[in-house]
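Participant: The sequence shown lines up with residues 1 to 683 when you count with my numbering.
My questions will all concern the structure given below.
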Amino acid sequence: MWDEPRLRFGGDWNPEQWPEQVWAEDVTLMRRARVNLVTVGVFAWSRLEPAPGRYDFGWLDRVLDLLADNGIRAALATPTASPPPWFSLAHPEALPVTDAGVRLHHGSRDTYCAAAPAYRAAASRIAGVLADRYAHHPALELWHVHNEYGTVCHCEHAATAFRAWLTARHGSLDALNAAWTTSFWSQHYSDWEQISTPRATQYLANPGQLLDFRRFWSDTLLAAYTEQRDLLRAANPAVPVTTNYVLADWVPVDHARWAAEVDLVAIDHYPSAVDGGAEEQTALAADLARGWARHGARARAAAGPPATARVPGDAAGSAWLLMESAPNLIYTAGRMHAKEPGRMARHSLAHVARGSRGAMYFQWRAPVGGAERFHSALVPHAGPDSRVFRETVELGGILDRIAETDGAAVEASVAIGWDAASGWALRHPGLPSQRIDHHGEVAAAHRALWRAGFGCDVVLPGDSVDGYALLVLPALYLASDAVAAWARGYVEGGGHLLVTWLSGVADEHARVRTGGYPGAFRDVLGVRVEEFHPLADGDEVPLGGGGTGRIWAEDVGLTGAEAVRAYAGGVLAGRPAVTRHRHGAGTAWYVSTRPDDETYRRLLMEAALAAGAAPTCPAAPAGVEAVRRRGAAGSWLFLLNHTDRAHRVPATGVELLTGAAVDTAVEVPAGGVAVVREAAPAR
Ligand code: GAL
Ligand code: ZN
Numbered sequence: 001m002w003d004e005p006r007l008r009f010g011g012d013w014n015p016e017q018w019p020e021q022v023w024a025e026d027v028t029l030m031r032r033a034r035v036n037l038v039t040v041g042v043f044a045w046s047r048l049e050p051a052p053g054r055y056d057f058g059w060l061d062r063v064l065d066l067l068a069d070n071g072i073r074a075a076l077a078t079p080t081a082s083p084p085p086w087f088s089l090a091h092p093e094a095l096p097v098t099d100a101g102v103r104l105h106h107g108s109r110d111t112y113c114a115a116a117p118a119y120r121a122a123a124s125r126i127a128g129v130l131a132d133r134y135a136h137h138p139a140l141e142l143w144h145v146h147n148e149y150g151t152v153c154h155c156e157h158a159a160t161a162f163r164a165w166l167t168a169r170h171g172s173l174d175a176l177n178a179a180w181t182t183s184f185w186s187q188h189y190s191d192w193e194q195i196s197t198p199r200a201t202q203y204l205a206n207p208g209q210l211l212d213f214r215r216f217w218s219d220t221l222l223a224a225y226t227e228q229r230d231l232l233r234a235a236n237p238a239v240p241v242t243t244n245y246v247l248a249d250w251v252p253v254d255h256a257r258w259a260a261e262v263d264l265v266a267i268d269h270y271p272s273a274v275d276g277g278a279e280e281q282t283a284l285a286a287d288l289a290r291g292w293a294r295h296g297a298r299a300r301a302a303a304g305p306p307a308t309a310r311v312p313g314d315a316a317g318s319a320w321l322l323m324e325s326a327p328n329l330i331y332t333a334g335r336m337h338a339k340e341p342g343r344m345a346r347h348s349l350a351h352v353a354r355g356s357r358g359a360m361y362f363q364w365r366a367p368v369g370g371a372e373r374f375h376s377a378l379v380p381h382a383g384p385d386s387r388v389f390r391e392t393v394e395l396g397g398i399l400d401r402i403a404e405t406d407g408a409a410v411e412a413s414v415a416i417g418w419d420a421a422s423g424w425a426l427r428h429p430g431l432p433s434q435r436i437d438h439h440g441e442v443a444a445a446h447r448a449l450w451r452a453g454f455g456c457d458v459v460l461p462g463d464s465v466d467g468y469a470l471l472v473l474p475a476l477y478l479a480s481d482a483v484a485a486w487a488r489g490y491v492e493g494g495g496h497l498l499v500t501w502l503s504g505v506a507d508e509h510a511r512v513r514t515g516g517y518p519g520a521f522r523d524v525l526g527v528r529v530e531e532f533h534p535l536a537d538g539d540e541v542p543l544g545g546g547g548t549g550r551i552w553a554e555d556v557g558l559t560g561a562e563a564v565r566a567y568a569g570g571v572l573a574g575r576p577a578v579t580r581h582r583h584g585a586g587t588a589w590y591v592s593t594r595p596d597d598e599t600y601r602r603l604l605m606e607a608a609l610a611a612g613a614a615p616t617c618p619a620a621p622a623g624v625e626a627v628r629r630r631g632a633a634g635s636w637l638f639l640l641n642h643t644d645r646a647h648r649v650p651a652t653g654v655e656l657l658t659g660a661a662v663d664t665a666v667e668v669p670a671g672g673v674a675v676v677r678e679a680a681p682a683r
């Protein structure tokens, strides 16, 4: 069960797409690969309920029994991400409407409106029936609710629900008018009924309305999830429940807030970069998942007496799972890129190194038809006699050999802030530059720390940051007074803070703070900015000491801070670009541009070392990623070699993949991985 160290391995299995003879072969192959968990039923609604209220569970009974007989567990999904045709035809009012008022038709998936009562009722009904039938099935290890919540809608149901949500949030129309600054462009509302969702309009939409619309959908989709979760939980409280997150900042889901409502944070991760960027994106995705899970565990603990966790976390309470990833292809603009040999395992093990309770894939067997017929699979179209399946078998063995690491905490000395609302607000129109994106700025700072070799935890504004040497807040555009006080308190107490441009500029309603940027953090940073100088595509501004700034620059006035780097060209030549401020017992850095990657790496390394942080494995060569896990039984060093030649890295202990003793150094093969159970507590 979830309290024993055991890494999960498997993926989405869709036996409903295949004749039953194939099921037996599937299970034989799963056993060969040591698959121990498969997700079933994700999009099977029309096969489970072929007509309203008429169910066909025979096939799923046989599937689950077959799994149980073979010692394979199931993450049983509710199929509500894809309502059957009969449902959409009977309830056209439950089909989603775009902001331009176009009602979409059945024909793909995710074509439903979670604010439509008929959809919610139908979803609860099928979830309830599945709960009654399978909650005590011996194969059941996890409930997987829905799939990647994220569909928004602008229909009348949504508008009505939005108004109710706004009433609860703002209390009065006066408060809403103030929060949305409706005095601008004659938008003052005198009756709640005048308010709608931000439908397509003539010119730029209202940023307050756009932001609340995202928050509303996050809460509405969360309610759709918790409704199903509660039914599943009632049927058997011991079985954990989760839903898989889609990782993208267009998604109207506040992942951190949702984390308090799932027993295990589950993410789907598909890197978009083909080169080394894929590894860096993988590290960030995993650190985000762990951070959300930790945040959720703390929120649960704060909300009430600690119920026994259905999935115990690491020392920090963090429990998460890589629920989906691609065995082979990486999607890039317009084409699919095959992963090089060994890369599938390296990506998966990078997630495991960062705390994932296993490595799961979309999907087990490649389908012959359907929209995703060319998506990669553990059993590709070529069949089991294939490189990908051989690598699958090999990875199953590796996961078994490193199972003892499961549940150990991931070491991190730097914290990096992430905020869903800032991400949403920085997608609004009318900003000083359209090249700003919160997630991109978090990724750039994370990449710099990753390349410098520092372990990183993702934190949410307001989370406890005790014990981190350095806190980095990239483009934290929205900051409430409470968030400003949180950052100030951290620095006054002796912490080292590094804030980047466009942070603290607006409050929680996306209203700009006056008196100089970066409003909320001016005092702690000891700077005051009067003017922005956003840069054009391809423009760079030279920085003193080498390197360049991109995307953004600004005219930084010193009100207590000292300049540590200056702009070395352009209209800002000689003006401060990077500053440092001794404040209280701590230090606060401000970075007013986006340094190129190498300059950023050196800058963050300087700030981290000055703060007393240490890289995980200082001797690891460039391109070899090091992550340390620590548990009651000791510590483990994961070394992931992303280069095309072997490297020797200093370590002592036992290498778990080979079982070999490591006296002074371990050889990590080109493109390969080593996991060392360390002999003595490191550091
Ligand atoms: C995920 C989704 C899967 C599959 C996969 C393809 O987002 O949950 O069902 O579509 O993407 O990459
Ligand atoms: Zn709707």
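Ideal Cβ positions, reconstructed from N, Cα and C, are used throughout, including at glycine.
Rounded to whole angstroms, what's the CA-CA distance from Thr197 to Ala159? Just pull it up for me.
Facilitator: Spanning the two alpha carbons is a distance of roughly 5 Å.
Participant: For Ala326, verify whether its CB is less than 7 Å away from any heavy atom of the ligand GAL.
Facilitator: It does: the Cβ of Ala326 is within 7 Å (strictly closer) of some heavy atom of the ligand GAL.
Participant: Quick test of your reading: His136 and Thr78, contact by CB under 8 Å. State the CB separation rounded to the nearest angstrom.
Facilitator: About 17 Å; that fails the 8 Å criterion.
Participant: At a threshold of 7 Å, does His91 count as lining the ligand ZN (C-beta to nearest heavy atom)?
Facilitator: The answer is no for His91.
Participant: Sorted by chain position, which residues of the same chain lie with C-beta nearer than 7 Å to Leu656's C-beta, five sequence neighbours on each side aside?
Facilitator: Excluding positions up to five away in sequence, the list reads Arg401, Ile402, Val675, Arg677.
Participant: With 16 as the cutoff for other CB atoms within 10 Å, does Tyr203 come out buried or exposed?
Facilitator: Exposed.
Participant: Go through its chain and collect everything with a Cβ distance to Glu340's Cβ below 8 Å, but skip five positions before and after it.
Facilitator: Excluding residues within five positions, the ones whose Cβ falls inside 8 Å are Gly671.
Participant: Quick check on the contact list: which residues have their beta carbon closer than 6 Å to a heavy atom of the ligand ZN?
Facilitator: So the residues near the ligand ZN by this Cβ test are Pro96, Val97, Cys113, Ala115, Ala116, Cys153, Cys155, His157, Ala158.
Participant: Bridge partners of Arg365, per DSSP?
Facilitator: Partner(s): Val379.
Participant: In chain order, which continuous runs of the beta strand (DSSP E) of length 3 or greater are located wholly inside the segment 98-157?
Facilitator: Counting whole runs of 3 or more residues, the segment 98-157 contains the beta strand (DSSP E) stretches 140-144.
Participant: Drop a sphere of 10 angstroms on the beta-carbon of Gly334, count the other beta-carbons inside from all chains shown, and report buried for 16 or more, exposed for fewer.
Facilitator: By the 10 Å Cβ count, Gly334 comes out exposed.
Participant: From Val253, Ala484, Ile267, Gly634, pick the residue whose C-alpha is nearest to that of Ala224; which is it?
Facilitator: That would be Val253, whose Cα lies nearest to the Cα of Ala224.
Participant: Is His375 near the ligand GAL - that is, is its Cβ less than 7 Å away from at least one heavy atom of it?
Facilitator: Yes, the beta carbon of His375 sits closer than 7 Å to at least one heavy atom of the ligand GAL.
Participant: Tell me, to the nearest whole angstrom, how far the beta carbon of Ala469 is from that of Ala315; I am working on the premise that it is less than 8 Å.
Facilitator: Going by Cβ atoms, the distance from Ala469 to Ala315 rounds to 18 Å, so no, they are not a contact pair.
Participant: Which class does Pro15 belong to by DSSP, given the choice of helix, strand or coil?
Facilitator: Three-state DSSP puts Pro15 in a helix.
Participant: Here's the rule: buried if 16 or more other CB atoms are within 10 angstroms of the residue's CB, otherwise exposed. What is Gly549?
Facilitator: Its Cβ being crowded by 16 or more others within 10 Å, Gly549 is buried.
Participant: Taking Ala293 and Ala238 to be in contact with their CB atoms under 8 Å, please state how far apart those CB atoms are, rounded to whole angstroms.
Facilitator: Actually they do not touch by this definition, with Cβ atoms about 20 Å apart.
Participant: Let me make sure I understand the geometry here. Which of Ala646, Arg602, Arg629 has the alpha-carbon closest to that of Pro621?
Facilitator: Closest by alpha carbon: Ala646.
Participant: Quick one: using the 10 Å Cβ neighbour count with 16 as the cut-off for buried, is Met344 buried or exposed?
Facilitator: Buried.
Participant: Give the straight-line distance between the Cα atoms of Asp61 and Gly41, rounded to the nearest whole angstrom.
Facilitator: Rounded to the nearest angstrom, the two C-alpha atoms are 11 Å apart.
Participant: Thinking C-alpha only, which one of Cys456, Ala506, Gly440, Gly455 is nearest Pro474?
Facilitator: Nearest of Cys456, Ala506, Gly440, Gly455 to Pro474, Cα basis: Gly440.
Participant: Might you give, ordered along the chain, the residues of its own chain that have their beta carbon closer than 6 Å to the beta carbon of His154, omitting 5 neighbours on each side?
Facilitator: Answer for His154: Val97, Asp99, Thr197, Arg199, listed in chain order.
Participant: Helix or strand or just coil, what does DSSP make of Ser571?
Facilitator: Reading off the sequence shown, one finds Val at residue 571, where the question assumed Ser. The answer is helix: DSSP assigns Val571 an H, G or I state.
Participant: Ala682 to Arg628, Cα distance in whole Å?
Facilitator: Its pLDDT being 49, under 50, Ala682 is placed unreliably in this model, and the value from its coordinates should be taken loosely. When rounded, the distance between both Cα atoms is 9 Å.
Participant: Just reading off the beta strand (DSSP E) that Ala285 is part of, what are its end residues?
Facilitator: Here Ala285 belongs to no beta strand (DSSP E); instead the alpha helix (DSSP H) covers 277-303.
Participant: What is the rounded straight-line gap between the Cα of Ser325 and the Cα of Phe362?
Facilitator: Approximately 6 Å between the Cα atoms of the pair.
Participant: Which residue or residues does DSSP assign as beta-bridge partners of Glu667?
Facilitator: Paired residue(s): Arg648.
Participant: 8 Å is my cut-off, CB to CB: does Thr226 come that close to chain C?
Facilitator: Of the protein chains in this structure there is only one, and it is not chain C.
Participant: Output yes or no for whether 8 Å exceeds the beta carbon distance between Thr181 and Arg511.
Facilitator: Their beta carbons are under 8 Å apart, which means Thr181 touches Arg511 by this criterion.
Participant: Do you know how far the Cα of Asp466 is from the Cα of Arg601?
Facilitator: Approximately 24 Å between the Cα atoms of the pair.
Participant: With distances taken from CA atoms, which of Glu394, Phe374, Arg357, Ala353 is nearest Met336?
Facilitator: It is Phe374 whose Cα lies nearest to the Cα of Met336.
Participant: Taking just the CA atoms, how far does Pro117 sit from Pro461?
Facilitator: Cα-Cα distance, rounded: 35 Å.
Participant: Quick one: Cα of Gly369 to Cα of Trp18, how far?
Facilitator: The straight-line gap from Cα to Cα measures roughly 11 Å.
Participant: Output needed for Pro429: all residues of its chain with C-beta closer than 6 Å, excluding positions within five of it in sequence on either side, in chain order.
Facilitator: So the qualifying residues of the chain are Leu204.
Participant: According to DSSP, is Phe57 helix, strand or coil?
Facilitator: It is coil, neither helix nor strand.
Participant: For Gln228, is the classification buried or exposed, using 16 other Cβ atoms within 10 angstroms of its Cβ as the cut-off for buried?
Facilitator: Per the 10 Å Cβ criterion, buried.
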